[in-house]
Amino acid sequence: GWYGKFCNISHVCQCSSDSICAGVSRSNQSICICPMNRWGNRCLLENNICQSDKQSSICLNGGQCITDDVKLPVDDQIICICRNGYGGKRCENRVNQLILSFDKGIDLPQSMIVHFIFVSSYGRGVVTNGSAVQAIVPYQSATIVYWSNEYHISFAQLWNNFYLILIQKQYNKTAIVRRQIRSLDRCKHLSEVLDEHIVHYHLLRRMKYYQIPCEKYAPHLQCFYDQDYFCFCYSSAYQRLANCFPFKSTLQYDCYGYSICENNARCIQDSSKCPKSTICVCPDCYHGTRCQFSSHLFGLSLDAIIGFHIQPFVNLTSQTLVVKVSLCLTIIIILLGVTNSVLSWITFQDEESRKNGCGHYLLASSIVILLTMIVFGLKFAILLISQMAYVSNELFLKIQCHTLDCFIRIGLTMDQYMNACVAVERLITVRKGVRFNQKKSKRVAKYAIILLFVWTGITNTHDPIHRRLIHDNNEDDNEMGKRIWCIVNYPAKIQTYNSIINLIHFLFPFVLNLISALLIISMTAKQRTIVRTNLSYRKLLLVQFQEHRHLLIAPIILISLALPRLILSFASNCMKSTTDAWLPLMGYFISFIPPMLTSILFILPSKHYKKQFSKSMKTIQNAIASRMPFTQN
19 GWYGKFCNIS HVCQCSSDSI CAGVSRSNQS ICICPMNRWG NRCLLENNIC
69 QSDKQSSICL NGGQCITDDV KLPVDDQIIC ICRNGYGGKR CENRVNQLIL
119 SFDKGIDLPQ SMIVHFIFVS SYGRGVVTNG SAVQAIVPYQ SATIVYWSNE
169 YHISFAQLWN NFYLILIQKQ YNKTAIVRRQ IRSLDRCKHL SEVLDEHIVH
219 YHLLRRMKYY QIPCEKYAPH LQCFYDQDYF CFCYSSAYQR LANCFPFKST
269 LQYDCYGYSI CENNARCIQD SSKCPKSTIC VCPDCYHGTR CQFSSHLFGL
319 SLDAIIGFHI QPFVNLTSQT LVVKVSLCLT IIIILLGVTN SVLSWITFQD
369 EESRKNGCGH YLLASSIVIL LTMIVFGLKF AILLISQMAY VSNELFLKIQ
419 CHTLDCFIRI GLTMDQYMNA CVAVERLITV RKGVRFNQKK SKRVAKYAII
469 LLFVWTGITN THDPIHRRLI HDNNEDDNEM GKRIWCIVNY PAKIQTYNSI
519 INLIHFLFPF VLNLISALLI ISMTAKQRTI VRTNLSYRKL LLVQFQEHRH
569 LLIAPIILIS LALPRLILSF ASNCMKSTTD AWLPLMGYFI SFIPPMLTSI
619 LFILPSKHYK KQFSKSMKTI QNAIASRMPF TQN
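Position in the sequence shown counted from 1, then plus 18, gives you the numbering used here.
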């Protein structure tokens, strides 16, 4: 409504209501951006060529019809945007297909670039090239690349590696070419096939040696490259020779400064003049079509691990193995977790079980576990349903995005701290002996539970603040189509803080459990050496271990469960790509094992807690029986 140097000149947009008013011209006329099928200075005129009943006969094979300048002849006013696999002015032709599969040993990124080389038969064999950007879907056994232009050589770029696909003398525009890319097909860099001092020669001098690698590494070497040339080896008159053509292996485009990539990823387009497709090359520990997911194993979300393995509009029985295994594990974890929390609550809701702080910690833990399991079930169900494209309500997805992951993090962390508090209190019990004050212990436990809840809540507030939804509109009309992702994107300082705080929440309870277990054994053994002088310290350790095993079982098992997750996190650091999902998935589900074991770790080894559990169960059974109609007679 305003324009001018100081935005002080009023202007009423004169464009049609369904167009966009982009500004004002020097003659004080509105600059209008017209929707499809409208034209004119103000977008008031219609062109109904593409709206006719014969639209399907204008653009064939599902092509989209749009109109061009009405001043052109009628046939030239129509532009057809063809679906993948079709080409021609009216999408009437099938185009060349490359159906590519990959050896298991090849590390696959989210996307790849397939380069096509055309060698002209005229003159000196002028070389032109083009590139196609193609997404690699984890759950598909093969990737299809469509190319409508003539070519003689094709090779794929995965990460920074090149793999030879095809060399052909004659081009067939409707051919369907199937190739399995093997590790042996990798084109080596010049530094791998020539001496280091030759590699540093000037280009003209260096190229004199380019015949050597083909002869030296025959017959396995198929191709090699440097920053300026790409060479492939061929046989001629009982010798292997190199045929080279200009190719900038390090050439990259920056998407004209309009990158859609996240987390400082590189934006690469298939062409500098008229780009049709874009990919994001992710830095280490990030993945996704837009590098939107952080894959550091500490704090790794379920979205980042299995999201890309969920197939849209495909029923559960036909989903990938990763999804099926995740679903089964989720059901098992929820059933065991809810059962465990209910049994724990039955035991510790009785006042007799809460004579000291341990009972209060375990009661709080049972409530936290129950809530965590419910939230975890909701999280998995929403992720599965939304990525299968059955739920797309943005408000609903936004609310769950900002809340559920944070609640799960807080719940798991609280449970770890509750278990550590139990271990510390048992250590204090052994240390104090008959001087242990149960009333003070109960009072301290109540304050500790509140403080721990505040501590875990405050230290995790950064997570929902930096979460958001993004629309991932894949440019290929394939199954990955349009998705809505819940992502978390931390600034550099917050990322450092997140890593540190996750490490603290993990290591601190781990260290407390370990130290408490060792000190309980050591202190009880020392106490008995004073009374039983006829036994050696080593034998006393074994005796004390037998007598106090109910105090030691919990911390020892919790330590054993924490160690694999700790080793996985430090050994792997992060998930490199979505195809490498099993290791992070293992680490993610291991974190839910301790919440399933409260009744096994703390109730079964203790005679007192088992007695209270039996008492509480009888009370509940009597209460139920008294309300049954048939028991009134």
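Don't be surprised by glycine CBs; every beta carbon is placed ideally from N, CA and C. The model shown is predicted, which means the values in this text are computed figures rather than measured ones.
Its Cα nearest to that of Lys457, the residue Gly375 stands out among Gly375, Gly429 and Asn531.
Of the residues assessed, Trp600 falls on the exposed side of the cut-off, its CB having fewer than 16 other CB atoms within 10 angstroms.
Between Val132 and Ser149, the C-beta spacing is below 8 Å. A Cβ-Cβ contact shorter than 8 Å links Asn55 with Cys68. From the listed residues Ile512, Ala535 and Lys636, the smallest Cα separation to Ile574 is found for Ala535. Ranked by how close their Cα comes to the Cα of Ser277, the residues Asn261, Ala260, Cys300 and Ser35 have Cys300 in first place.
For Pro527, the secondary structure class from DSSP, reduced to helix, strand or coil, is helix. A check of alpha carbon separations from Thr390 across Pro612, Ala407 and Met635 identifies Pro612 as the nearest. CA-CA distance, Ile502 to Asp321, rounds to 11 Å. With a beta-carbon spacing of about 32 Å, Arg197 and Ile216 fall beyond the 8 Å limit used to define contacts. Between Pro231 and Val211 the beta-carbon gap is near 4 Å, inside 8 Å, which marks them as a contact.
The closest CA to that of Thr146, considering only Lys266, Thr431 and Ile387, is found on Lys266. Just measuring C-alpha positions, the residue of Leu576, Ala399 and Ala641 sitting nearest Leu347 is Ala399. Look at Pro264 here: in three-state DSSP terms it is strand.
By the beta-carbon neighbour count (other beta carbons within 10 angstroms, threshold 16), His305 is buried. Between Asn455 and Thr616, the C-beta gap is not smaller than 8 Å, which leaves the two residues out of contact. Here Asp121 is not near Ser172, since their CB atoms are 8 Å or more apart. By the Cβ rule, the segment 318 to 337 counts as touching the segment 398 to 412, because three or more pairs are nearer than 8 Å.
Per DSSP, Ser201 is not a residue of any alpha helix (DSSP H), being assigned neither H nor E. Here the alpha carbon of Lys226 sits roughly 14 Å from the alpha carbon of Phe248. For Trp503, the uninterrupted beta strand (DSSP E) segment begins and ends at Lys500 to Val506.
DSSP lists Ile135 as the beta-bridge partner residues of Asn147. The C-beta of Ser371 has 16 or more other C-beta atoms within 10 Å across all chains shown, which makes the residue buried. The beta carbon of Gly80 sits closer than 6 Å to those of Arg101, all from its chain and outside the five residues before and after it, given in chain order.
Per DSSP, reduced to three states, the secondary structure at Ala153 is strand. Residues Val506, Asn507, Tyr508 and Ile512 of the same chain have their beta carbon placed closer than 7 Å to that of His484, with the five preceding and five following residues left out of the count. The residue from Ala283, Thr421, Asp433 and Ile323 with its alpha-carbon nearest to that of Gly355 is Asp433. With respect to Leu603, Val340 sits close: the two C-beta atoms are nearer than 8 Å. In the assembly as shown, Val452 is an exposed residue. Its beta-carbon has fewer than 16 other beta-carbons within 10 Å.
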